[in-house]
Amino acid sequence: MGALVEEFPVILGAFWLTVRLTLASAVVALVLGTVLAAMKVSPFGVLRGVATAYVNTLRNTPLTLVIVFCGLGLGTVLDVSFSESLSTNYLWLSIIGLSAYTAAFVCEAIRSGINTVPVGQAEAARALGLTFTQNLRFVVLPQAFRAIIAPLGSLLIALTKNTTVAAAIGVGEASLTMKSMFEQHQDSVVAIFFGFALAFLVLTLPTGLAFGWLSRRLKVAR
Amino acid sequence: MSSVLYDTPGPRGILRNRILTFVFAAAVIVAAWFVYLKFDEKGQFDAALWEPFLQADVWVNLIIPGLLNTLSAAAVATLIAVPFGFVFGIARLSEHRWIRVPAGAVVEFFRAIPLLIMIFFAQYGGSAVLGLTVTSFTAVVFGLVLYNGSVLAEIVRAGIQSLPRGQSEAALAVGLRKGQVMRLILLPQAVTVMMPAIVSQLIVLLKDTALGFIVAFEDLLNAGARILPANFRNLIPAVIVVAIIYIFINVLVGLVANWLERRSRRSRKTTVKPIEAPQSVGVG
């Protein structure tokens with residue numbers, strides 16, 4: 001227990017980094033995933049093909065590989081640089097990896113959300129003379145949006161847990177901090193583990209409850 | 223083709239779609255060209271970097287051993303995680319509170335925390351608490367079993383709960399005991415229903431073995447991102463080749479899952495539809 005109290009500021013800092021990684025990756029993944037979903041439902045074969053290839057590739061590749069490719073491949077070999085500071089650069093590269101990976105799942109969630117809207121509704125909307133934009137705004141998206149809340153919530157929880165993989169390229173978030181604390185305090189490994197596990201529960205459980213409540217509240221009655 | 227978003231296009235719509243298809247195709251080619259230039263500028267298309275993949279001994283000595291380690295970690299973890307999932311999934315449905323509540327707590331706990339910190343805990347906790355030397359293989363398998371076993375427990379529970387209540391009520395009414403109801407009536411139907419979801423979760427497990435890279439487990443990713451670049455300085459080609467191997471294996475297992483799902487929909491063992499796989503995001 002002593003180790004946890006003693007190192008409390010370090011742990012807090014590590015989890016603050018985890019939270020920032022999660023939020024930054026979530027925003028980028030949401031934007032990229034929406035673009036991919038738009039490509040995947042578009043009437044243009046080229047865009048559908050590109051989006052399908054992207055989603056199938058990223059979904060079947062281990063996240064660790066994606067992060068390592070971003071950190072060492074993009075960062076070290078191709079010299080992609082976002083910042084003078086090496087640690088900030090790796091932070092950004094890990095955000096790219098996490099969001100590129102998560103975007104594939106976001107794309108699938110949005111696409112299946114759009115598919116929950118019965119075709120008859122859109123046909124009725126067109127028969128009434130609604131334009132493409134009106135159909136999207138008044139009929140399809142309000143229903144699709146409600147259907148994707150629950151899957152997006154699970155994705156956010158998974159992303160929170162997945163930020164630990166950034167440890168593969170040395171980003172000092174919670175899991176890497178836990179590892180170095182294990183090395184320094186060999187006598188209290190169990191306490192440290194449960195401390196960190198508890199902190200992750202504090203991050204993931206409220207997210208799950210909030211999204212569950214929201215999706216039940218906004219459920220489309222059919 | 224009519225969809226939720228578009229009506230079947232008329233003559234003008236078809237023309238517009240064709241023109242835009244060409245515009246987008248040009249944009250995709252330009253983007254690909256920029257990526258190509260960037261790779262070329264750093265000499266990533268040099269024959270020296272790709273040539274090792276034509277040598278048999280690179281495959282035999284460096285890549286295949288990594289692949290075998292990955293597959294054996296996945297196989298061992300699967301063999302332990304599946305029984306773990308069945309035991310805890312059934313325990314969560316127990317009538318006895320003292321079985322149901324602890325089983326639920328274990329499953330929820332291991333589903334809510336990152337797999338990587340379980341692997342780190344196995345690695346350091348094993349030696350610090352029990353005085354054992356924990357190999358990276360054991361640590362990876364430990365984490366994979368606890369996490370994926372807990373997800374499988376949820377699949378098992380959902381599979382059994384998806385069966386109509388009348389099944390177990392009728393079985394109890396003809397005088398079967400609780401164990402017999404589970405073994406003779408519920409499980410045979412539930413296994414059919416949840417098989418596709420179990421196989422999809424096993425793909426996640428296989429992908430997650432790559433986390434072993436972080437604890438220096440000599441798996442396929444280790445071959446691609448550490449060993450090959452150390453020998454040939456070809457990180458990007460090596461990672462790409464390794465990624466293709468991962469994708470190939472996962473697509474293969476995915477096809478098995480699809481086949482099982484079709485089979486299970488046709489199955490006469492039960493009329494219940496197969497349950498959906500949980501959000502198979504996967505960690506590793």
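The listed protein sequences correspond, in order, to chains X and Y.
Numbering-wise (the numbering used here), the first sequence opens with residue 1 and increments by one.
Numbering-wise (the numbering used here), the second sequence opens with residue 223 and increments by one.
Ideal placement from N, C-alpha and C gives every residue a C-beta, glycine not left out.
| Item | Value |
| --- | --- |
| Exposure label - X:G120; buried when at least 16 CB within 10 Å | exposed |
| Segment contact flag, the stretch 335–349 of chain Y with the stretch 407–423 of chain Y, C-beta cutoff 8 angstroms, min 3 pairs | no |
| DSSP-derived helix/strand/coil call for Y:N453 | helix |
| Residues from the stretch 251–273 of chain Y in contact with chain X, defined by Cβ distance under 7 angstroms | K260, K264 |
| Sub-8 angstroms separation of Y:L374 and Y:V426 beta-carbons | no |
| Nearest-angstrom Cα separation, counted from Y:L338 out to X:K179 | 10 angstroms |
| Below-8 angstroms beta-carbon distance, X:P43 vs any chain Y residue | yes |
| Member of Y:W281, Y:L409, Y:D268 whose CA lies at the smallest distance from the CA of Y:K491 | Y:L409 |
| Minimum C-alpha distance to X:A38 - residue among X:R111, X:P151, X:L17 | X:R111 |
| Terminal residues of the alpha helix (DSSP H) in which Y:A253 lies | 233–263 |
| X:G97 versus X:V106 - alpha carbon distance | 14 angstroms |
| Rounded separation between Y:G288 and Y:V403 - CA only | 45 angstroms |
| Contact residues within the stretch 46–71 of chain X, judged by C-beta distance below 7 angstroms to chain Y | V46, L47, V50, T57, N60, T61, P62, L63, T64, L65, V68, F69 |
| Candidates X:V55, X:H185, X:T160: closest to X:E6 by CA position | X:H185 |
| Residue from Y:P274, Y:I436, Y:L237, Y:A249 with nearest C-alpha to X:L47 | Y:A249 |
| Extent of the continuous alpha helix (DSSP H) run through Y:W281 | Element bounds for Y:W281: n/a, residue is neither H nor E. |
| Chain X within 8 angstroms of Y:G506, Cβ atoms only | Low confidence applies here, because Y:G506 scores a pLDDT of 40, under 50, leaving its location unreliable; read the following figure in that light. Interface residue, yes. |
| Proximity of Y:L424 and Y:V473 at Cβ, strictly below 8 angstroms | no |
| Selection of the stretch 166–200 of chain X by Cβ proximity to chain Y, strictly under 8 angstroms | A167, A168, A174, S175, M178, K179, F182, E183, Q186, D187, V189, V190, F193, F196, A197, F200 |
| Straight-line gap, Y:I462 to X:I169 (C-alpha atoms, nearest Å) | 17 angstroms |
| Helix, strand or coil at Y:Y369 [DSSP, three-state] | helix |
| Residue span of the alpha helix (DSSP H) that contains X:Q184, given as start and end | 174–184 |
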